[in-house]
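Visitor: Take a look at this one; I'll ask things after.
Residue numbers (the numbering used here), protein chains in the order written: chain F, 9 to 119; chain U, 32 to 145.
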């Protein structure tokens, strides 16, 4: 089945630094989402991006479908960006829309 | 738009008791998903419905767990004879009923089985 690997597992930054989070997956995906979760909070969808590049604010997601990888770039990080970022991809089998999640990247931004 | 609503937010049960978790999807969304999150296993898919019909329950434990969607405005996840290993945050998500639709998550129900 589909496997999703995220790197790094954790990342510590000083405020203002940029972050690059990686997501690699084992099989072709037709659905890919990036989520953010503050400790104890809900999963917030950042991007639905199965291919190409999308921007919102300081965030950029780039997915290269045929290379089975996606990245999330955070520019000029802020302390409020601290939390865990998850990549999730569909199984791409039988038409199921279920998402398979990576283990997440825990980001800590200090002032 | 209130987003996906889940109740209760926290539930504590004794071992062997039943727990019923509720989810109200975003209005107009006809696909509803259940996941659970634990420190050890991470985020795992349980089951999902489209237009109230069960589509994929491949993640559901074969015993004690069941899910229903009696109408388009709510879904329930029932766990019978709860065990300590069932302790987790149970998440509900919804999406539009079309291919490649973005999923939106509720705040989750934290279930603690003593």
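Every residue gets a Cβ at the ideal spot worked out from N, C-alpha and C, and that includes glycine.
#1: Note down the Cα distance separating residue 110 of chain U from residue 121 of chain U, rounded to an integer number of angstroms.
#2: Taking the beta carbon of residue 70 of chain U as the centre, do at least 16 other beta carbons fall within 10 Å, making it buried, or is it exposed?
#3: Please classify residue 75 of chain U: does DSSP put it in a helix, a strand, or coil?
#4: On the premise that residue 26 of chain F lies in contact with residue 3 of chain F, defined as a C-beta separation below 8 Å, what is that separation, rounded to the nearest angstrom?
#5: Quick check: does the Cβ of residue 145 of chain U come within less than 7 Å of any heavy atom belonging to the ligand NAP?
#6: Would residue 107 of chain U and residue 52 of chain U qualify as a contact pair, given that the criterion is a beta-carbon distance under 8 Å?
#7: Select from F:108, F:107, F:115 the residue whose C-alpha is nearest the C-alpha of residue 81 of chain F.
#8: For the beta strand (DSSP E) that contains residue 101 of chain U, what are its first and last residues?
#9: Could you pull out every unbroken beta strand (DSSP E) segment of at least 3 residues lying fully inside the stretch 51 to 94 of chain F, listed in chain order?
#10: Just curious, the beta strand (DSSP E) that residue 87 of chain U is in, first and last residue?
#11: What residues in its chain sit with their C-beta under 6 Å from that of residue 11 of chain F, if we drop five residues either side in the sequence?
Guide: On the basis of the coordinates in this document:
#1: 11 Å
#2: exposed
#3: strand
#4: Lying outside 9 to 119, the shown extent of chain F, residue 3 of chain F is not represented and no answer is given.
#5: Judged by which ligands are present, the structure shown has none, so any question about the ligand NAP falls away.
#6: yes
#7: F:115
#8: 96 to 102
#9: 51 to 56, 60 to 64, 67 to 72, 77 to 82
#10: 84 to 87
#11: 34
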